[in-house]
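Start counting the sequence shown at 539; every next residue gets the next number (the numbering used here).
Even glycine gets a Cβ: it sits at the ideal position worked out from N, Cα and C.
Written out below as structure tokens is the structure these notes cover.
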Amino acid sequence: MGNIAKNSSSKLKHVAIIMDGNGRWAQGRSHSRVFGHVRGARIVSSVVQEAIAQNISALTLFAFSTENWGRPLAEIKVLFALLKKFILDERTRIIKNEIRFSVIGDISKLPEETKKIIADLEATTSKFSRLKLTFAFGYGGRFEIVSAVNRALKKKIAAQNFSELTEEEIANNLMSPDLGDVDLLIRTGGDQRISNFLLWQLAYAELYFTPTKWPDFTSGEFKQIVEAASRRNRRFGTVSVCEGLEQSTKIAKRNLELIQTVGIK
Ligand code: FPP
């Protein structure tokens, strides 16, 4: 990550990435799976740099899922070590580039020293807003939603408010409420799944699956995906912006008249 010039302005505010395919990448080269994670960790910095160049305001990276606890301890330890190494290597540049760094998920099992390093960088960068860089680590989407519901409920009960929970109350109690909805989810590695990632925030996200395995992913491919997704027409369940509400209403009225004319009930 150097000093980054903004060269583009994406419509997308929040991009999330499932960095998949490390194990297969390494095994395909007769290496152990962890070698894939080591090589994969090297890619992260260039993608962060491109996110800033694209004027994206939040980038959330899936680095370790709750399901990943089922992996061999040696592999888990490498992932812990890579998170720590990333923070130590990138700390200066993160601060220089005014990136707000945070980790969401259950990091209670991480070594104390790593937790301290995370807390320190989170505190140091908490006021920055050029890019919100979030690592999901020990993270699961269903767990996040259940925790948010429980937190919201507790607050209501404490306030003697027994009305039904609203979407807004749940959203406000997610692990990082200010990240907002995801505009674009990218998954590398060829599988077309969400894998319990940001389930709430992905409700209206554009989904992009690339066969490229994460260690082969480049800032160039990231740029192309972001640009392609920016051109997509997002309707959020309403009508296309091109078609317009007025024109669409006219068409709907005409169709209704036709139906009445031919007497369809
Ligand atoms: C999925 O690959 C990837 C992960 C479980 C971890 C992602 C982690 C990194 C990219 C490195 C960590 C970097 C930092 C900076 C924390 P997989 O092993 O499931 O691959 P496979 O689908 O080929 O088996």
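Got a sec, what are the start and stop residues for the alpha helix (DSSP H) residue i sits in?
i, result
"Ala-619", "611-634"
"Phe-681", "679-696"
"Ser-646", "Segment: none, Ser-646 is in no alpha helix (DSSP H) and carries neither H nor E."
"Asn-710", "It is not in any alpha helix (DSSP H) - Asn-710 carries neither H nor E in the DSSP assignment."
"Gln-565", "560-565"
Taking the continuous beta strand (DSSP E) assigned at residue i, which residues delimit it?
i, result
"Asn-552", "Here residue 552 is His; the residue named in the question, Asn, does not match the sequence. 552-556 is the extent of the beta strand (DSSP E) around His-552."
From the DSSP output, which residues share a beta bridge with residue i?
i, result
"Phe-747", "Arg-725"
"Lys-670", "Ala-596 and Arg-638"
"Phe-573", "Paired residues: none, contrary to the question."
"Phe-755", "In DSSP, Phe-755 forms no bridge with anything."
"Phe-602", "Phe-675"
Does the beta-carbon of residue i have 16 or more other beta-carbons within 10 angstroms, so that it is buried, or is it exposed?
i, result
"Phe-675", "buried"
"Lys-647", "exposed"
"Met-557", "buried"
"Val-684", "exposed"
"Ala-696", "exposed"
"Asn-688", "exposed"
"Leu-723", "buried"
"Ala-601", "buried"
"Phe-735", "buried"
"Gly-608", "exposed"
"Leu-617", "buried"
"Gly-574", "buried"
Contact defined as beta carbons within less than 8 Å: I believe residue i pairs with residue j. What is the distance between those atoms, to the nearest angstrom?
i, j, result
"Ser-664", "Arg-629", "About 14 Å; that fails the 8 Å criterion."
"Gly-559", "Thr-726", "5 Å"
"Ile-655", "Lys-622", "6 Å"
"Glu-744", "Arg-770", "6 Å"
"Ser-604", "Gly-678", "According to the sequence shown, residue 604 is Thr rather than Ser. About 4 Å; that satisfies the 8 Å criterion."
"Leu-659", "Ile-594", "With 8 Å as the limit, Leu-659 and Ile-594 do not qualify as a contact, their Cβ atoms being about 20 Å apart."
"His-552", "Asp-729", "That pair is no contact at about 22 Å."
Please find out if some non-hydrogen atom of ligand 2 comes closer than 7 Å to the beta-carbon of residue i.
i, result
"Gly-559", "Ligands in the displayed structure: ligand 1; ligand 2 is not one of them."
Original post:
Closer than 5 Å from C-beta to any heavy atom of ligand 1: which residues, in chain order?
Top reply: Met-557, Asp-558, Gly-559, Asn-560, Gly-561, Arg-562, His-575, Gly-578, Ala-579, Val-582, Ala-601, Leu-620, Leu-621 and Phe-624
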